[in-house]
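Residue numbers (the working numbering), protein chains in the order written: chain A, 1 to 309; chain B, 1001 to 1309.
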C-alpha cells in the first residue's frame, strides 16, 4: 500500500467492476478510493427500490458477496421467494432473504426523504466497507434497451427477464441527467480515474451520460480496464452487444475505440494488444479468479496509470 | 360436517381466535364460514404494512402457521432479520423470511390501490384457505394503549416492544370507525356469530368499536368462547388486563360481564361456570392443544349456539 498516492475514482457497474474495485480497496487506503456506481439498472420490484450494481459493489467490498455468483449475498436463502411464488407473486428476479434487508432499508430510507447516497453510505459503513461507494445519481436514471424494431424494454425486463437475448440496437438513458454532487466532487479531487472492467454500454455509459461528467473526465488521467478478454466478455452480454452496436467483432480494441479520447491508456489481456491502439496499453492477466488476482490487477493498473502522468 | 347449517361469522384476534376459527373450518364448509379479523394491531414496520392478526388467521387456516409459536410461518428462517441487524435497522419485531413475502405483497397491493380485503382474499386463496377471511376495516384503525399516567403507546410498541408490561388504564381506538362493507354483509347474513377466545379488550373490542357493528350483532345469536381458563389467560396479557381495567380478578365471568347483553351464551372451561351467569353456559375443555381439540370445541360451540335458537 502506497500512502503517498492521490485520490482514485473508479467507475463501476456490477460484478466485474465490483471485483476490480475490491482489488483497489486492497491496495489503497479507504480515504483514497471512491467507487462511483451505475444506477441505470435500478428498478422497483415487490414495491422495493433495487439498486443491483450498488449492492454488488457493497457486497463485494464488504466480503458479503456470493463468491460463486458474484452478485447477491453469500449463504443466502430463498424463503421469501418461495412464499412469494405460493402467493402468486412475481419471481422472475431473484431476491435472497438477506438481500431483502438491504432493499427494505433502502426503500424505507428513500421514502423518508433520505438520499440514495446517504443510505448507501450508511449501509456500506455498517457492513464494513472502508472506501466511499457513491451512486452516480440521486434520482432515477433508467437505462432502456431499444431493439431493432424500435421498441424499448426496461433494463431488467431485457437483462434478466429476456436473458439479454433480444438484439440491442441502441441503449437509451431516461430520467434526469443530473450527476450526484458528491460524484462531481470526487472526480474533481481525483488524481486518477479508472474505468473498471464493466460493460461500457450498460454500466459505464450511463455514468458518462450524466451532465458534466465527460467534461470533468477530460481534465483527468483516465485508464480503462478491458472487460473483453480474447474476444469474449468475461461475463454478461457484452460479447454480443459490440457486433450489434458497432458492426465490428468484440475485442479490447473495440472497447478502447468506444471510449475514444476519454481514456489515456488501457489495461488488457496478454495477447489482446498489438497494433491499432493509439493510446498506451498495459498487457497482463486481467481475469480475476481470486482476491490476489484482484489486488495484483488493481496494483498494476495504478502503476500503469501513474506511469502516464 | 352438517351442510344444512346457516352462515357463521367468527370474530377473531390472533392465535387463540385463529385456532378456534381453524376448528370451525374443519366442521363447516368454506362457503358457510367468514372470519372477521381485528386490524387494530396493524402497523408499518420496515416500510411494510403488517397485519399480525390477519396473518395469524391466514397462516393457521392454511396450515402454514408455526405450530409452536402460533404466529409466523412454519419452518421459517430469520436471515433478513440477521442482515437488518448488521445494517443497524430495527429488529424488535420478528419478521421471518417467508412471512416477509406476505408483508411485501400486501404493501405493494395497498400501494397500487387494492383494498386490504382484496389482497387478503387473494393471498388466502393462494395459500388454500377455504373460508372467507375479512379484515374488520379497510382503513387503519390503530389501537392505542393508555397508561395510568395518561400517556398513549402504539399497540406493538406496548405489546411487543414493552412485552405488554406497562399497566393499561384504557384501550383507545383511533382512526376511522368505518367497518368494511363486506363485514357488515357477512354479519347480516349470519345465522350465528361466534366470539372466538381472543382478548376481549385488544382483539374483539376493536371490531365492536366500529360504527354499526353492535347494532348488527344485537339482531344476531351471539356466543362467546372464554379466553380465560381457571382464572388465567391461555396466552397473552389478558390475565393482568382484567384486574387493571375492571378491579376484579380475571375469570370467565369477567369476560361474560364485559360482553354483557351482546352475547346470548358463553362456552367456558369445566369448573369455570357456577353461579352468577345470567346467560346460558356450556362447560367443556376449551384449551386447544391439537387439531382435534379445535374441531371438537368448534363443533360443541356450534351445537350449543344452535340449542339457543
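We treat Cβ as the ideally placed atom computed from N, Cα and C, and that holds for glycine. Since we're looking at a predicted model, the values are computed, not measured.
From the options, residue whose alpha carbon lies closest to that of residue i
i: residue 258/A; options: 288/A, 201/A and 170/A; result: 201/A
i: residue 269/A; options: 44/A, 228/A, 100/A and 239/A; result: 228/A
i: residue 1308/B; options: 1280/B, 1162/B and 1296/B; result: 1280/B
i: residue 1294/B; options: 1021/B, 1005/B and 1246/B; result: 1021/B
i: residue 1077/B; options: 1062/B, 1131/B, 1090/B and 1098/B; result: 1098/B
i: residue 1061/B; options: 1149/B, 1125/B, 1040/B and 1154/B; result: 1125/B
i: residue 1088/B; options: 88/A, 101/A, 58/A and 90/A; result: 101/A
i: residue 1274/B; options: 1252/B, 1304/B, 1260/B and 1290/B; result: 1252/B
i: residue 1034/B; options: 1119/B, 1111/B and 1188/B; result: 1188/B
i: residue 59/A; options: 239/A, 19/A and 36/A; result: 19/A
i: residue 1043/B; options: 1155/B, 1036/B and 1026/B; result: 1155/B
i: residue 1092/B; options: 1115/B, 1159/B and 1038/B; result: 1159/B
i: residue 1368/B; options: 1112/B, 1168/B, 1118/B and 1134/B; result: There is no way to answer for residue 1368/B, as the model of chain B reaches only from 1001 to 1309.
i: residue 287/A; options: 114/A, 12/A, 7/A and 16/A; result: 16/A
i: residue 36/A; options: 117/A, 233/A and 234/A; result: 117/A
i: residue 1261/B; options: 1012/B, 1215/B, 1045/B and 1053/B; result: 1215/B
i: residue 1012/B; options: 1203/B, 1119/B and 1250/B; result: 1203/B
Between the CA atoms of residue j and residue i - distance to the nearest angstrom
i: residue 206/A; j: residue 174/A; result: 10 Å
i: residue 2/A; j: residue 29/A; result: Reliability fails at residue 2/A, whose pLDDT of 48 lies under 50, so the model's placement of it is uncertain and the value that follows must be treated cautiously. So the two alpha carbons sit approximately 8 Å from each other.
i: residue 1277/B; j: residue 1211/B; result: 28 Å
i: residue 1055/B; j: residue 1068/B; result: 16 Å
i: residue 1010/B; j: residue 94/A; result: 39 Å
i: residue 247/A; j: residue 198/A; result: 20 Å
i: residue 1230/B; j: residue 1283/B; result: 12 Å
i: residue 1272/B; j: residue 1226/B; result: 10 Å
i: residue 1244/B; j: residue 1170/B; result: 9 Å
i: residue 180/A; j: residue 220/A; result: 18 Å
i: residue 1014/B; j: residue 129/A; result: 42 Å
i: residue 285/A; j: residue 297/A; result: 7 Å
i: residue 1023/B; j: residue 1123/B; result: 20 Å
i: residue 1070/B; j: residue 1064/B; result: 10 Å
i: residue 177/A; j: residue 208/A; result: 10 Å
i: residue 1305/B; j: residue 1242/B; result: 26 Å
i: residue 191/A; j: residue 27/A; result: 16 Å
i: residue 1005/B; j: residue 1032/B; result: 8 Å
i: residue 1166/B; j: residue 1236/B; result: 13 Å
i: residue 132/A; j: residue 193/A; result: 14 Å
i: residue 1266/B; j: residue 1224/B; result: 5 Å
i: residue 40/A; j: residue 1057/B; result: 41 Å
i: residue 1163/B; j: residue 1075/B; result: 24 Å
i: residue 1263/B; j: residue 1217/B; result: 9 Å
i: residue 302/A; j: residue 240/A; result: 30 Å
i: residue 115/A; j: residue 1186/B; result: 46 Å
i: residue 1148/B; j: residue 1172/B; result: 13 Å
i: residue 292/A; j: residue 1090/B; result: 37 Å
i: residue 1151/B; j: residue 1136/B; result: 26 Å
i: residue 1290/B; j: residue 1168/B; result: 32 Å
i: residue 1121/B; j: residue 213/A; result: 50 Å
i: residue 1138/B; j: residue 1038/B; result: 11 Å
i: residue 112/A; j: residue 222/A; result: 37 Å
N-terminal and C-terminal residue of the alpha helix (DSSP H) that residue i is part of
i: residue 279/A; result: That residue, residue 279/A, is in no alpha helix (DSSP H); it is neither H nor E in DSSP.
i: residue 1216/B; result: 1213-1218
i: residue 1135/B; result: Run containing residue 1135/B: none in the alpha helix (DSSP H); it sits in the beta strand (DSSP E), 1132-1135.
i: residue 170/A; result: Unbroken run through residue 170/A is the beta strand (DSSP E), 168-173; no alpha helix (DSSP H).
i: residue 1255/B; result: 1252-1259
i: residue 246/A; result: 238-246
i: residue 1100/B; result: 1097-1111
Continuous beta strand (DSSP E) stretch holding residue i: start and end
i: residue 1200/B; result: Note, residue 1200/B: premise wrong, no beta strand (DSSP E); not H, not E.
i: residue 1034/B; result: 1033-1037
i: residue 224/A; result: 221-225
i: residue 1010/B; result: 1008-1012
i: residue 81/A; result: That residue, residue 81/A, is in no beta strand (DSSP E); its alpha helix (DSSP H) goes 79-86.
i: residue 327/A; result: Nothing can be reported for residue 327/A, as the shown portion of chain A is limited to 1 through 309.
i: residue 999/B; result: Chain B is shown only over 1001 to 1309; residue 999/B falls outside these bounds and no answer can be derived.
i: residue 1138/B; result: Unbroken run through residue 1138/B: none, as it is neither H nor E.
Residue i at chain C interface by Cβ criterion, 8 Å
i: residue 1224/B; result: In summary, chain C is missing from the structure at hand, where the protein chains are A and B.
Any 3 or more C-beta pairs closer than 8 Å across the region 1103-1113 of chain B and the region 1049-1061 of chain B: yes
Chain-ordered residues of the region 1077-1097 of chain B with a beta carbon less than 8 Å from chain A: 1077, 1079, 1080, 1081, 1082, 1083, 1084, 1086, 1087, 1088, 1089, 1096 and 1097
Three or more C-beta pairs below 8 Å linking the region 79-86 of chain A and the region 1132-1143 of chain B: no
Interfacial residues, the region 1036-1059 of chain B to chain A, with Cβ spacing under 8 Å: 1046, 1047 and 1048
Short-range partners of chain A found in the region 1101-1134 of chain B, where Cβ spacing is below 8 Å: 1101, 1102, 1104, 1105, 1107, 1108, 1111, 1122, 1123, 1126 and 1127
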